[in-house]
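To keep things clear, I will list the structure first and then write my remarks on it.
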Amino acid sequence: MDDKGTNLNQLELPSHYRRNFWCLVSDFCFFGIAMSFFSTSTVIPGFLTILGASTTVIGLLTTLGRAGWLLPQLFAARYLAGKPYKKAYVLLPAALSRSLIALLAGVIWATGAKPEKLIITLVMFTVTIFFLGDGLASLGWFDLLSKAIPSRRRGRMISTGQVFSGIFSFMAGFVVEWMLSERGFPFPDNFASLFLIGFIMLGISFIAISFLIERKGVTTEKAPTWRQYLPQLWSILKKDRTFRRYTIARQIFGLNTMATPFYMTFALEKLHLPAQVAGRYTSIGVVGSILAEIVFGWLNEKQGTKHVLYYSIIVTAFIPLFALCIPLFVSNITLIAWVYGLVFLVSNASMAIYMPGWTGYILDFASEAERPLYMGLTNTLSGITAIFSTLGGIILQWSGNNYNLLFILTLIGTLCAWPFVAILPEPRHLEGSLAAEAPL
19 MDDKGTNLNQ LELPSHYRRN FWCLVSDFCF FGIAMSFFST STVIPGFLTI
69 LGASTTVIGL LTTLGRAGWL LPQLFAARYL AGKPYKKAYV LLPAALSRSL
119 IALLAGVIWA TGAKPEKLII TLVMFTVTIF FLGDGLASLG WFDLLSKAIP
169 SRRRGRMIST GQVFSGIFSF MAGFVVEWML SERGFPFPDN FASLFLIGFI
219 MLGISFIAIS FLIERKGVTT EKAPTWRQYL PQLWSILKKD RTFRRYTIAR
269 QIFGLNTMAT PFYMTFALEK LHLPAQVAGR YTSIGVVGSI LAEIVFGWLN
319 EKQGTKHVLY YSIIVTAFIP LFALCIPLFV SNITLIAWVY GLVFLVSNAS
369 MAIYMPGWTG YILDFASEAE RPLYMGLTNT LSGITAIFST LGGIILQWSG
419 NNYNLLFILT LIGTLCAWPF VAILPEPRHL EGSLAAEAPL
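Using my numbering, the letters of the sequence shown map in sequence onto residues 19 to 458.
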């Protein structure tokens, strides 16, 4: 009986499952390591703060990065709709956008990060193009993931990749801390070195995904014209109740990003911590990622993606809550430099939950043929939330850098997503029925 069940499970796995599993894990792992050296929540804000960038500029950086990642996906989704193979459309934008990071490192080395305004502009340009390329590649990447890894094995694959990524990123955090300390390279060579190492890790990630064997996918019969395509998008939003509710919930949940780029600037400007804590907080954040990946990857398989959305909201709400409370209860500068790391622990845990939760919901919900369309539409609509980080910077400037006000507004906004998630169905229970028939 057990042998038959085991054989059945093996037959249900796609061809080249093991090879593709480890290609995706390796890609996931090295991309995560790269982000430890090019982190837009610790390293980049710290670099811009030293260069004298305002909070509005730092918030705008996050907005440009998120908009670059999200907004073009709708156009990419239409283009990919009739393509049975997607790997080439992952590799090309990734190669072009990632190469700019090496260029940025070279310019910083050559100029000594002067003039500061020029370097700030170049950093913003590089981050925007990087996320633009990654966003264009992501639609094809998620299709590769969906074709290579069955739904009930995706949580396992994502968790494995993130755990490996977490282990090495944890060690990378100590490298970052050393480089930014007095024992490391002088400024700005220290930051240039971090960016170059990040580029190398992205190169290894690129090689890993290039070895994946892609099977031919199900496509729409013919890519629609724009005249057909835009009404089709409106029809989905109008008729598909489940998707419409999911979209509203995701937009509101996006309010959590109002404070995302400012937890590091708060540490440097208000708590007067040294720039090297960026490396420490990278390592601490990795611990949060590993714990979340183990727990919530398993919960995704056992309970489904809707439950993971609840956990996502709870964990994310703790980020501004910790930022508010830690300075009230801890005053010793040495101690607070460690305890404030809890902010980045839960922040990374929140990011780790995002894929098995918010992204996983659409992967489970949409049919294979319509998946690029649904992914492109939901990510493009979520591009609206990119403005929230700039809004956070404006709030800080308007309030005279009142970080407590920003953190309170972020906490309230995050929790407002809860009732909208509550009315969503579990997508795995909708198999065989139309999403539009979900009960009111």
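Idealized CB from N, CA, C, for every residue including glycine. This one's a predicted model, so the numbers in the text were calculated from it and none came from an experiment.
When the options are compared against residue i, the one with the closest alpha-carbon
| i | options | result |
| --- | --- | --- |
| residue 33 | 323, 168, 306, 207 | 168 |
| residue 134 | 65, 232, 45, 227 | 65 |
| residue 186 | 431, 50, 419 | 50 |
| residue 83 | 256, 129, 149 | 149 |
| residue 437 | 141, 68, 391, 332 | 332 |
| residue 445 | 433, 427, 379 | 379 |
| residue 369 | 98, 265, 184 | 184 |
| residue 307 | 176, 424, 204, 335 | 176 |
| residue 373 | 174, 213, 232, 342 | 174 |
| residue 97 | 155, 293, 80 | 155 |
| residue 311 | 264, 381, 367, 297 | 367 |
| residue 283 | 315, 304, 67 | 67 |
| residue 395 | 253, 362, 165 | 253 |
| residue 313 | 352, 302, 178 | 178 |
| residue 90 | 111, 265, 180, 232 | 111 |
| residue 376 | 265, 430, 165 | 265 |
| residue 428 | 280, 351, 303, 393 | 280 |
| residue 139 | 285, 76, 393 | 76 |
| residue 74 | 419, 430, 431, 443 | 419 |
| residue 101 | 119, 158, 115 | 158 |
| residue 393 | 317, 41, 268, 192 | 268 |
Where residue i falls: helix, strand or coil (DSSP)
| i | result |
| --- | --- |
| residue 352 | helix |
| residue 131 | coil |
| residue 57 | coil |
| residue 233 | coil |
| residue 150 | helix |
| residue 90 | coil |
| residue 434 | coil |
| residue 25 | Caution is warranted here: a pLDDT of 47 is assigned to residue 25, below 50, making its placement in the model unreliable, and the coordinate value is therefore given only provisionally. If DSSP states are grouped into helix, strand and coil, residue 25 belongs with the helices. |
| residue 425 | helix |
| residue 258 | coil |
| residue 290 | coil |
| residue 51 | helix |
| residue 195 | helix |
| residue 201 | coil |
| residue 101 | coil |
| residue 187 | helix |
| residue 159 | helix |
| residue 122 | helix |
| residue 441 | coil |
| residue 31 | coil |
| residue 107 | helix |
| residue 36 | helix |
| residue 168 | coil |
| residue 404 | helix |
| residue 206 | coil |
Residues of its chain near residue i, where Cβ-Cβ distance is below 6 Å and the 5 sequence neighbours each way are ignored
| i | result |
| --- | --- |
| residue 48 | 219, 222, 223 |
| residue 117 | none |
| residue 190 | 51, 54 |
| residue 113 | none |
| residue 299 | 60, 359, 362 |
| residue 327 | 375, 439 |
| residue 182 | 47 |
Neighbourhood of residue i by C-beta distance below 7 Å, restricted to the same chain and skipping five residues each side
| i | result |
| --- | --- |
| residue 88 | 153, 397, 398, 400, 401, 404 |
| residue 70 | 134 |
| residue 406 | 272, 273, 275, 276 |
| residue 44 | 226 |
| residue 422 | 342 |
| residue 24 | Low per-residue confidence applies at residue 24: pLDDT is 45, beneath 50, and the placement is therefore not dependable enough to give any value. |
| residue 81 | 404, 405, 407, 408 |
| residue 340 | 360, 361, 364 |
| residue 233 | 32, 33, 165 |
| residue 294 | 195, 198, 199 |
| residue 37 | 231 |
| residue 206 | 126, 130, 131 |
| residue 262 | 255 |
| residue 39 | 167, 175 |
Cβ shell of residue i (< 8 Å), same chain only, five flanking positions each side left out
| i | result |
| --- | --- |
| residue 433 | 331, 335 |
| residue 31 | 168, 171 |
| residue 78 | 142, 407, 408, 411 |
| residue 58 | 79, 80, 83, 145, 279 |
Review point. Are three or more beta carbon pairs between the stretch 339-350 and the stretch 311-327 nearer than 8 Å?
Key: no
**Study point:** Three or more C-beta pairs below 8 Å linking the stretch 288-306 and the stretch 410-418
**Key:** no
Review point. Which runs of the alpha helix (DSSP H), 4 residues or longer, sit entirely within the stretch 374-399?
Key: 378-383
Check your understanding: Contact between the stretch 203-219 and the stretch 122-136: three or more CB pairs below 8 Å?
Key -> With three or more CB-CB distances shorter than 8 Å, the stretch 203-219 counts as touching the stretch 122-136.
Review point. What residue ranges within the stretch 257-334 form continuous beta strand (DSSP E) runs of no fewer than 3 residues, ordered along the chain?
Key: Assignment of beta strand (DSSP E) within the stretch 257-334, counting only whole runs of 3 or more residues, yields no such run.
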